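Position one of the sequence shown corresponds to residue 58 (the numbering used here), numbered consecutively onward. Ideal Cβ positions, reconstructed from N, Cα and C, are used throughout, including at glycine. Just so it is clear, the structure is predicted and the values come from calculations on it, not from any experiment. Following: one structure in structure tokens, then a few remarks.
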Amino acid sequence: MDITAIIAEEIGAKRGQVEAAIKLIDEGNTIPFIARYRKEATGSLDDEKLRALHTKLTYLRNLEARKQEVIELIDEQGKLTDELRKAILAAEKLVTVEDLYRPYKQKKKTRAEAARKRGLAPLAEFIMLQTATEPVENEALKYVTGKIEPESADKEAVLKAAEKEVLDAAAAIAGASDIIAEDISDDARFREHIRRITEEEGKIKSEAKDPEAESVYQNYYDYEEEIRKIAGHRVLAINRGETEKILTVSVKAPEESLIGYLEKQIITNENQYTTPIIKAAVADSYKRLISPSIEREIRSFLTEKAQDGAIDVFGKNLKQLLLQPPIAGETVLGWDPAFRTGCKLAVVDPTGKVLDTTVIYPTAPHNKVEESKRVLRTLISKYKVSLISIGNGTASRESEQVVCELLREIPEKVSYVITNEAGASVYSASKLGTEEFPTFDVGQRSAASIARRVQDPLSELVKIEPKAIGVGQYQHDMDQKKLSETLTGVVEDAVNSVGVDLNTASFSLLSYISGINVTIAKNIVAYREKNGRFRSRAELLKVAKLGPKAFEQCAGFCRITGGEEPLDATAVHPESYPQARALLKKIGCEIKDEEAIRAFRKTVTDLAALASELDCGEITLKDIMSEIEKPARDPREELPKPVLRSDVLEMKDLKPGMRLKGTVRNVIDFGAFVDIGVHEDGLVHISRMSDRFIKHPLEVVSVGDVVEVTVLEVDLKKNRISLTMIDDADKKQGGNGAAKEGGANKTSGSSANRNSGGASAAGRSQNAGSGRNSGRDRSDGRDRTGERRYAPGSIGDLLSKIKL
Numbered sequence: 058m059d060i061t062a063i064i065a066e067e068i069g070a071k072r073g074q075v076e077a078a079i080k081l082i083d084e085g086n087t088i089p090f091i092a093r094y095r096k097e098a099t100g101s102l103d104d105e106k107l108r109a110l111h112t113k114l115t116y117l118r119n120l121e122a123r124k125q126e127v128i129e130l131i132d133e134q135g136k137l138t139d140e141l142r143k144a145i146l147a148a149e150k151l152v153t154v155e156d157l158y159r160p161y162k163q164k165k166k167t168r169a170e171a172a173r174k175r176g177l178a179p180l181a182e183f184i185m186l187q188t189a190t191e192p193v194e195n196e197a198l199k200y201v202t203g204k205i206e207p208e209s210a211d212k213e214a215v216l217k218a219a220e221k222e223v224l225d226a227a228a229a230i231a232g233a234s235d236i237i238a239e240d241i242s243d244d245a246r247f248r249e250h251i252r253r254i255t256e257e258e259g260k261i262k263s264e265a266k267d268p269e270a271e272s273v274y275q276n277y278y279d280y281e282e283e284i285r286k287i288a289g290h291r292v293l294a295i296n297r298g299e300t301e302k303i304l305t306v307s308v309k310a311p312e313e314s315l316i317g318y319l320e321k322q323i324i325t326n327e328n329q330y331t332t333p334i335i336k337a338a339v340a341d342s343y344k345r346l347i348s349p350s351i352e353r354e355i356r357s358f359l360t361e362k363a364q365d366g367a368i369d370v371f372g373k374n375l376k377q378l379l380l381q382p383p384i385a386g387e388t389v390l391g392w393d394p395a396f397r398t399g400c401k402l403a404v405v406d407p408t409g410k411v412l413d414t415t416v417i418y419p420t421a422p423h424n425k426v427e428e429s430k431r432v433l434r435t436l437i438s439k440y441k442v443s444l445i446s447i448g449n450g451t452a453s454r455e456s457e458q459v460v461c462e463l464l465r466e467i468p469e470k471v472s473y474v475i476t477n478e479a480g481a482s483v484y485s486a487s488k489l490g491t492e493e494f495p496t497f498d499v500g501q502r503s504a505a506s507i508a509r510r511v512q513d514p515l516s517e518l519v520k521i522e523p524k525a526i527g528v529g530q531y532q533h534d535m536d537q538k539k540l541s542e543t544l545t546g547v548v549e550d551a552v553n554s555v556g557v558d559l560n561t562a563s564f565s566l567l568s569y570i571s572g573i574n575v576t577i578a579k580n581i582v583a584y585r586e587k588n589g590r591f592r593s594r595a596e597l598l599k600v601a602k603l604g605p606k607a608f609e610q611c612a613g614f615c616r617i618t619g620g621e622e623p624l625d626a627t628a629v630h631p632e633s634y635p636q637a638r639a640l641l642k643k644i645g646c647e648i649k650d651e652e653a654i655r656a657f658r659k660t661v662t663d664l665a666a667l668a669s670e671l672d673c674g675e676i677t678l679k680d681i682m683s684e685i686e687k688p689a690r691d692p693r694e695e696l697p698k699p700v701l702r703s704d705v706l707e708m709k710d711l712k713p714g715m716r717l718k719g720t721v722r723n724v725i726d727f728g729a730f731v732d733i734g735v736h737e738d739g740l741v742h743i744s745r746m747s748d749r750f751i752k753h754p755l756e757v758v759s760v761g762d763v764v765e766v767t768v769l770e771v772d773l774k775k776n777r778i779s780l781t782m783i784d785d786a787d788k789k790q791g792g793n794g795a796a797k798e799g800g801a802n803k804t805s806g807s808s809a810n811r812n813s814g815g816a817s818a819a820g821r822s823q824n825a826g827s828g829r830n831s832g833r834d835r836s837d838g839r840d841r842t843g844e845r846r847y848a849p850g851s852i853g854d855l856l857s858k859i860k861l
């Protein structure tokens, strides 16, 4: 199997790019380092493609290891043939390897195994010859033992005797039929064909255990959809309904035609005595052994595919949330809303230092609104608060109303923003939160976190376990290991794309930098506390456990402003300092001289020649030019700032046709939830995002985007708002032609946790998956390498001679 070619085709890269990337990964380089500083080698593969490459590489290497393991296990049994070895080595999927290994796998006690112990294998082979000239019962009588008396009365002896008994001819034929059924089931060619046909023609069906019961899964009470078309979010919704014992789920395959296929392949001679027995064995093999197994495989595959899709969406949402532009230079009042326990407040200065904390009780059951306003006036006046950051959890709506009333009454110019508070409670109760604010209670820590999230979202959010941030769908139903690995990679990519200030970054932020783990991050902070500011990147080599390899990986992402080396403030890697200095000398200017550098770039007509003169690659030269022109530029600056508000709309104020500006809070498979300044986020369905066809909302929007929307419908009873991003609100079907999924369905206080139930994932959508690529070589179900050899005269030998 050509691993490089498979990966190149899957990620859309050239063979040389993949080979270079694999070599760099094997040498211990990190994905962010390869993406940023080894562009020449990889042809500028970005971090997303490199992570996809790494994931596929790991899968294929594990597949190769499993192939060798299976070959060794079969060889130990003395049953490995050249044909079988070739078939195993040619397999491109793990399921194919397991199909080929199935006949040789040590099985648990099965009906066929029990029949073999009774000596009925020769009778099964006699039946499969299909040449009987008299009733099979006559042959079966040869295997009848009658009642066997145990050697003693103890339980083990009685069971041992019973295991060898064949009481009559019918029992003998039944046992032989069990052997035939299992051997049919174990044939990889048959399974391959049946799996493919089931995937192509089968359907997923769900039914309610109690059709009269009300639940969020009512859309799935009598539901079926083609396996190859069902969308991932519907798979996950159905799975959850099954887990909660509300739904029963099954795979509907073309059973009659598949049994007919097996009969056609296996019955080579119509024989009045053996054909009825073989037909019964075929039906038993399909219904009892093959179909349940294939159903489990298909549902497992659909679930894995749906989870991978959801994790991918979760990762993209998380990255956008992490890379939201910071609101710098503001003194922020963080507001953690609540009812009974009161609203926790924390005032944070522009550097993130907490100046004051308190608790107010403007919400039920206390309703101390005027008293709370007096406290707020004092805090705003005393600390010159210019922005209030309100968490979007429980009591957010009531808190927002109080803030809006206050802002109308005070002379100071203050704005407010609704902030996604997902994970704030996790941070506030964590060891890190306790270490950072040892004298604060959890509410005060949470309020401080909510304030800091608008000042520098990335620095604050890295303190929280990524999956606790909650910008996805069904995140709690995911493979947690895979989810954690993916999201950790997303955080690493986000942190490294921005870089860190080596003299101010927390150990949480440093721990995500390329080449730096938690231990080294803590050592960097300890060194900084003991020795003061870092004066150069080279000083990193004095940090405990940070060796040359770690330095190579991390140096370019760690910035030092006002240090001994001006280039340390840029993203230029120390290995490229000679080229950067030579370039500055050639231009005759210093770093940051944008005008001189820009003028020089216009005069460069032969970039390749200049790169050769400076002894570096063209891509590296371009990056050096960009960095010395604008050192330490922050990619987040190019993104739209969060929408700041000073007043609030009520749902009853919304009318169809109203044009509003909003912030995308969450993106899911069938649309996006948009905060338009009322207490419920509105849903823009995928069919209302664009006039052109789109497969997924992420092609159009991302979390944090500021978008223009038009109100389509407001349902006050269900608290649902339907929006469109298409200019002409009359184009309700949009470019996708997808059926309406329904309005925004808020299932929790946090917008990030919407769609946690099944109802909002119901209905049909153009986002349906395309189904698994079967990857078969032949439509007749035969494997790539032809027939396998079995012991002469065995059922496997007879089956292998059948020409499919």
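*Closest Cβ-Cβ distance between Asp772 and chain D: below 8 angstroms?*
The structure shown contains no chain D; it is built from a single protein chain.
*asked:* Could you tell me the alpha carbon to alpha carbon distance between Gln322 and Lys150, rounded to whole angstroms?
replied: Within the sequence shown, residue 322 is the residue found at index 265, counting from 1. Within the sequence shown, residue 150 is the residue found at index 93, counting from 1. Approximately 25 angstroms between the Cα atoms of the pair.
*For Leu711, I'd like the list of residues in its chain whose CB is within less than 7 angstroms of its CB, leaving aside the five on either flank, ordered along the chain.*
Here residue 711 is taken as the residue at index 654 of the sequence shown, counted from 1. Around Leu711, the same chain offers Val735, Val768, Val771, Ile778 as residues with beta carbons nearer than 7 angstroms, after the five sequence neighbours per side are excluded.
*asked:* Quick check: what's the CA-CA separation for Ile351 versus Arg252?
replied: The sequence position of residue 351 within the sequence shown is 294, counting from 1. The sequence position of residue 252 within the sequence shown is 195, counting from 1. Their backbone Cα atoms lie some 6 angstroms apart in a straight line.
*Given that a residue counts as buried once 16 or more other Cβ atoms are within 10 Å of its Cβ, and exposed if not, what is Val575?*
One-based indexing of the sequence shown puts residue 575 at position 518. So Val575 counts as exposed.
*If we count Cβ pairs, one from each stretch, closer than 8 angstroms, do we get three or more for the stretch 557 to 564 versus the stretch 575 to 590?*
Cβ pair count under 8 angstroms is three or more, so yes.
*Given Phe608, which residues of its chain have a CB within under 7 angstroms of its CB, disregarding the five upstream and five downstream residues?*
As a position in the sequence shown, residue 608 is number 551, starting the count at 1. Correct list, in chain order: Leu597, Leu598.
*How about Pro192 and Tyr330: are their beta carbons less than 8 angstroms apart?*
The residue you call residue 192 lines up with position 135 of the sequence shown. The residue you call residue 330 lines up with position 273 of the sequence shown. The answer is yes: Cβ separation under 8 angstroms.
*Can you tell me the Cα-Cα spacing of Val459 and Gly450, whole angstroms?*
Taking the first residue of the sequence shown as 1, we reach residue 459 at position 402. Taking the first residue of the sequence shown as 1, we reach residue 450 at position 393. Their Cα atoms are separated by approximately 15 angstroms.
_For Glu283, list the residues DSSP reports as bridge partners._
Along the sequence shown, read from residue 1 onward, the residue named residue 283 stands at position 226. According to the DSSP secondary-structure assignment, Glu283 is paired through a beta bridge with Lys260.
*To which residues of the same chain is Gly386 closer than 6 angstroms at the C-beta, ignoring the five residues directly before and after it?*
In the sequence shown, residue 386 corresponds to position 329, counting from 1. Cβ within range, chain order: Pro407.
*Do the stretch 158 to 178 and the stretch 232 to 246 meet, that is, are 3 or more Cβ pairs less than 8 angstroms apart?*
With the cut-off at 8 angstroms, the stretch 158 to 178 and the stretch 232 to 246 touch.
_Per-residue DSSP class, three states only, for Tyr94_ = Position 37 of the sequence shown holds residue 94. Tyr94: helix per DSSP, three-state reduction.
_Alpha-carbon to alpha-carbon, Glu522 and Glu542_ = By 1-based counting over the sequence shown, the position of residue 542 is 485. By 1-based counting over the sequence shown, the position of residue 522 is 465. Rounded to the nearest angstrom, the two C-alpha atoms are 11 angstroms apart.
*Give the range of the alpha helix (DSSP H) segment to which Lys539 is assigned.*
Counting from 1 along the sequence shown, the entry for residue 539 is found at position 482. Run containing Lys539: 537 to 555, per the alpha helix (DSSP H) assignment.
_If the criterion is Cβ atoms closer than 8 angstroms, does the pair Lys718 and Val700 meet it?_
Taking the first residue of the sequence shown as position 1, residue 718 is located at position 661. Taking the first residue of the sequence shown as position 1, residue 700 is located at position 643. Taking 8 angstroms as the cut-off, the Cβ atoms of Lys718 and Val700 count as close.
*Going straight from the alpha carbon of Glu206 to that of Glu220, what length do you get?*
Taking the sequence shown and counting its residues from 1, the one referred to as residue 206 is at position 149. Taking the sequence shown and counting its residues from 1, the one referred to as residue 220 is at position 163. If you draw a straight line from the Cα of Glu206 to the Cα of Glu220, it comes to about 11 angstroms.
_Measuring only the C-alpha atoms, how far is Glu478 from Leu390?_
Residue mapping note: residue 478 aligns to position 421 of the sequence shown, counting from 1. Residue mapping note: residue 390 aligns to position 333 of the sequence shown, counting from 1. Distance from the CA atom of Glu478 to the CA atom of Leu390, rounded to whole angstroms, is 14 angstroms.
*asked:* Let me make sure I understand the geometry here. Which of Glu222, Ala218, Ala210, Leu216 has the alpha-carbon closest to that of Tyr200?
replied: For the purposes of this step, residue 200 is taken as residue 143 along the sequence shown, with counting starting at 1. Shortest Cα-Cα distance from Tyr200 to any of Glu222, Ala218, Ala210, Leu216 involves Glu222.
*Roughly how many angstroms separate the alpha carbons of Thr496 and Leu436, rounded to a whole number?*
Taking the sequence shown and counting its residues from 1, the one referred to as residue 496 is at position 439. Taking the sequence shown and counting its residues from 1, the one referred to as residue 436 is at position 379. Whole-angstrom Cα-Cα distance: 20 angstroms.
_Checking 8 angstroms against the spacing of the C-beta atoms, do Val724 and Val760 come in under that value?_
Position 667 of the sequence shown holds residue 724. Position 703 of the sequence shown holds residue 760. One thing to note: Val724 has its Cβ within 8 angstroms of the Cβ of Val760.
*Note down the Cα distance separating Ala171 from Gly232, rounded to an integer number of angstroms.*
Along the sequence shown, read from residue 1 onward, the residue named residue 171 stands at position 114. Along the sequence shown, read from residue 1 onward, the residue named residue 232 stands at position 175. If you take the alpha carbons of Ala171 and Gly232, they lie about 8 angstroms apart.
*Which residues in the same chain as Phe396 place their Cβ atom closer than 6 angstroms to its Cβ, once the five residues preceding and following it in sequence are excluded?*
The sequence position of residue 396 within the sequence shown is 339, counting from 1. If you ignore the 5 residues before and after Phe396, its C-beta comes within less than 6 angstroms of the C-beta of Thr420, Ala421, Ala452, all in its own chain and listed in chain order.
*alpha helix (DSSP H) segment containing Lys718, residue limits*: In the sequence shown, the residue the question calls residue 718 occupies position 661. Here Lys718 belongs to no alpha helix (DSSP H); instead the beta strand (DSSP E) covers 716 to 725.
*Quick check: the stretch 501 to 520 against the stretch 326 to 346, are there 3 or more CB pairs under 8 angstroms?*
Segments in contact, no.
*Can you say whether Val661 is buried or exposed, counting buried as having 16 or more other CB atoms within 10 angstroms of its CB?*
Taking the sequence shown and counting its residues from 1, one reaches residue 661 at position 604. Exposed is the call here.
*Collapsed DSSP secondary structure at Lys643 in the structure displayed*: Residue numbering aside, residue 643 sits at position 586 when the sequence shown is read from its first letter. The three-state secondary structure of Lys643, taken from DSSP, is helix.
*Do the stretch 109 to 119 and the stretch 89 to 96 touch if we need at least three Cβ pairs shorter than 8 angstroms?*
Segment contact: the stretch 109 to 119 against the stretch 89 to 96, fewer than three CB-CB distances shorter than 8 angstroms; contact not assigned.
*Outcome for Pro605 when other beta-carbon atoms lying within 10 angstroms are tallied against a minimum of 16*: Locating residue 605 in the sequence shown gives position 548, counting from the first residue. When all chains shown are included, Pro605 counts as exposed.
*Bridge partner(s) assigned by DSSP for Ser307*: Looking up residue 307 in the sequence shown gives position 250. DSSP lists Lys262 as partners of Ser307.
*What residues are listed by DSSP as bridge partners for Thr388?*
Here residue 388 is taken as the residue at index 331 of the sequence shown, counted from 1. Beta-bridge pairing links Thr388 to no other residue.
*Leaving aside the five residues before and after Phe591 along the sequence, list all residues of the same chain whose C-beta is less than 6 angstroms from its C-beta, in chain order.*
On the sequence shown, position 534 is the one that residue 591 refers to. Leu559, Asn560, Ile617, listed in sequence order.
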